[in-house]
Every structure is written in structure tokens, then in C-alpha cells.
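If you're matching positions, the sequence shown starts at 30 in the working numbering and goes up one per residue.
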Amino acid sequence: MKVVRLATRADLLPVVSRWVVEAFAEPGTASDARVDALREMFSEKPYPFSLVAIDDDGVPMGCVHGVESELDDRPELEPFVAALYVEPRFRGRGVGGELLAAAERECGAAGFGEVYLCAWNEPGWYVRRGWRVIAERVGERGVPLMSKRVAADRSSR
Ligand SMILES: CC(C)(COP(=O)(O)OP(=O)(O)OC[C@H]1O[C@@H](n2cnc3c(N)ncnc32)[C@H](O)[C@@H]1OP(=O)(O)O)[C@@H](O)C(=O)NCCC(=O)NCCS
């Protein structure tokens, strides 16, 4: 398995768009807005980013993103790990954990010392990977807000 940046693989935009829209679109949100947001990842900049896990045969298995914010009422919190998704047939073999770790590293490389996420799934999954709950219920969905310290490359911010 390897993890690649979507910015280097335009051919993967359709599958990543489908995952993000199907798994995370809020009811009433235009799908186009999410796909437009993904297109913004196609730049030279290291952040924000979209990462894709690819198996040894080149089949895309899942994705994860590093974005500025997920909470309108907490704009001071940045960056967020968002839209972590693994295709159901590839789950349970560590792909999600690898993607999460890759996103943490990329946020650190972009100069951040702490990263955040809204836990749409079981918070324990993240706790086992070094994250902690810092607020029990945030956003419209009332999900846990979590954070983790990462090694920041201070030269990049
Ligand atoms: C959450 C998600 C990304 C995890 O991906 P994954 O590749 O299955 O992750 P991992 O294999 O690293 O970890 C899966 C865990 O479930 C266990 N597991 C065992 N069999 C499994 C199976 N068939 N399917 C899923 N999980 C299984 C694994 O042992 C592991 O347990 P651990 O936390 O004790 O290590 C994936 O389930 C997913 O895409 N869910 C829907 C979208 C979502 O909720 N995203 C997160 C919110 S932003």
C-alpha cells in the first residue's frame, strides 16, 4: 500500500469525490460545493491536502483530508483532519489507521503542532491512535471534538 497526494493524481478525483459526497454530504448541501472544495486541493501548496491510499495493484482504497476548519463557531482551531473514508471491502486491515497517521504527518510537515477532528464514528478508534476528546458535543451533529499533538516542522509556518 502507498499513500499519494490527490494533487499529483487528477485521475483519482472522481472516486474521491464520490466517497466524500456519498459518505459525508450533509442533507441539503450541494454536492458540487464539496467537489469544488476538492479541486482546490490541486495546487503546489502542501496544505490543505487530500491523500489517497492505493493498494499494490493501483486500486484506490480510501482517502483523508487536511482542511482549515470544520467548525464555523471555532475558527481558531486549525487544521482539521476530515473526511477519512475507506471503501467497505478494504476495512479492518489498517488502511484507515495508515491514512490517519499520514494526515497527522502532513499537518506536522505544514508546521502545525496540534491537529483536530470531529469524530463521526466511534471516538475510541481515535483514542487508540493517540487522540483525546476535548469537547463532548460540537457542531450541528453534536459529535465529539478531538485533538492530538504532532511533531511540527516549525520552518514551514
Ligand atoms: C473509520 C474507517 C475510516 C476505519 O477504516 P479501516 O481501514 O477499517 O481502519 P483500521 O483497519 O485501521 O481499523 C479498524 C478497526 O476495526 C477493526 N476491524 C476488524 N475487522 C473489521 C472489519 N471487517 N471492518 C472494519 N473494521 C474492522 C480493526 O481491528 C480495527 O480495530 P482497532 O481500532 O482496535 O485497531 C472506516 O470504517 C470508514 O471509512 N468508515 C466510514 C466513514 C467514517 O466513519 N469516517 C470517519 C469519520 S470522519
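Ideal Cβ positions, reconstructed from N, Cα and C, are used throughout, including at glycine.
Quiz item: Run through DSSP, which three-state label would Val45 get?
Solution: For the purposes of this step, residue 45 is taken as residue 16 along the sequence shown, with counting starting at 1. Judged by DSSP in its simplified three-state form, Val45 adopts helix.
Self-check item: Bounding residues of the alpha helix (DSSP H) (the contiguous stretch that carries Ala132)
Solution: In the sequence shown, residue 132 corresponds to position 103, counting from 1. Here the alpha helix (DSSP H) through Ala132 covers 124-138.
Practice problem: Can you have a look at Ser72 and say buried or exposed, based on whether 16 or more other CB atoms are within 10 angstroms of its CB? | Solution: Residue numbering aside, residue 72 sits at position 43 when the sequence shown is read from its first letter. Exposed: under 16 other Cβ atoms inside 10 Å.
Quiz item: In whole angstroms, what is the alpha-carbon distance linking Ala36 and Phe78?
Solution: What you label residue 36 is simply residue 7 of the sequence shown in a count that begins at 1. What you label residue 78 is simply residue 49 of the sequence shown in a count that begins at 1. Going by the C-alpha atoms only, they are around 8 Å apart.
Quiz item: Relative to the C-alpha of Ala164, which residue among Leu106, Ala181, Cys136, Ala138 is closest?
Solution: Residue mapping note: residue 164 aligns to position 135 of the sequence shown, counting from 1. Residue Leu106 is the option with its Cα nearest to Ala164.
Quiz item: Considering Val172, what are the terminal residues of the beta strand (DSSP E) in which it resides?
Solution: Here residue 172 corresponds to residue number 143 of the sequence shown, with the count starting at 1. In the DSSP annotation of this structure, the continuous segment of the beta strand (DSSP E) that includes Val172 starts and ends at 172-178.
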